[in-house]
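Trainee:
In my numbering, the protein residues as written are 1420 to 1673.
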């Protein structure tokens, strides 16, 4: 207004109380002083040692309220990478089950000992039903939605039955073969090789060079009920037109 009294620059709004630096009611002056002190504190913090910085941080956290401490924790989670994170708590349940589906039965039983949530995931019927149906092990009832771990229990019972009904070894009389005659060959017998004697024409040759296998199989882990015995597998291929043969790996369950 034209007739208004001039504004008093030294009024109570710009006065300070218990402080010679920070005005109480002047927000502009307050922000300016705060930024100056903030820059000064940053310069001091840069010159302090690691131990001094940690002591200052501990003192500041003790002075903070609970909401301010939660804010600091959230800022640390965003800046500091997480170590030893449980993937089952971050990934969706479908992806966790997909990862567990690659494990063999023994590894799934070990995963059940990690925590209660891992035990719940590793005993779901979605994992064990596929392993039971792989060997033709069916259940003769329909489980209710409240029954959990039915297929795992069924798998364990079938494995116990395989241990109990292990086939007996035949007696010695069954191995006796009568009327055995030696086979005579028409090929003339070669002279026995005497170690130490070498012919003049014989030359010492180096063994042939073999490159590394592109598909190595020596590192494949042997899991029961997953890999067959190589000797039994070759025998099954020979006897396949006659009849099916039970693999030895079914009998060596653990």
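We treat Cβ as the ideally placed atom computed from N, Cα and C, and that holds for glycine.
Quick one: which unbroken alpha helix (DSSP H) runs of 4-plus residues sit fully inside the region 1455-1534? Chain order, please.
Mentor: You should have 1469-1482, 1485-1498, 1512-1519, 1524-1530.
Trainee: Measuring CB atoms only, is the region 1515-1522 touching the region 1482-1498, in the sense that at least three cross pairs come out at less than 8 angstroms?
Mentor: With a cut-off of 8 angstroms, the region 1482-1498 and the region 1515-1522 do not count as touching, because too few Cβ pairs lie within range.
Trainee: Excluding the 5 residues flanking residue 1530 on each side, which residues of the same chain have their C-beta closer than 6 angstroms to its C-beta?
Mentor: Correct list, in chain order: 1537, 1541.
Trainee: In its own chain, which residues sit with a C-beta less than 8 angstroms from the C-beta of residue 1467, not counting the 5 before and 5 after it?
Mentor: Here the set comprises 1475.
Trainee: Less than 8 angstroms between the C-beta atoms of residue 1574 and residue 1550, yes or no?
Mentor: Cβ atoms of residue 1574 and residue 1550: closer than 8 angstroms.
Trainee: For residue 1487 and residue 1566, I'd like the C-alpha separation in whole angstroms.
Mentor: Using only the alpha carbons, I get a separation of about 46 angstroms.
Trainee: Can you tell me whether residue 1573 is helix, strand or coil according to DSSP?
Mentor: Correct three-state label for residue 1573: helix.
Trainee: Which residues in the same chain as residue 1558 place their Cβ atom closer than 6 angstroms to its Cβ, once the five residues preceding and following it in sequence are excluded?
Mentor: Counting only Cβ-Cβ distances below 6 angstroms, and skipping sequence neighbours, we find 1573.
Trainee: Could you tell me which of 1533, 1485, 1490, 1579 sits nearest to residue 1506, measuring between CA atoms?
Mentor: That would be 1533, whose Cα lies nearest to the Cα of residue 1506.
Trainee: Is it buried or exposed, residue 1571, if we count other Cβ atoms within 10 angstroms and call 16 or more buried?
Mentor: It counts as buried.
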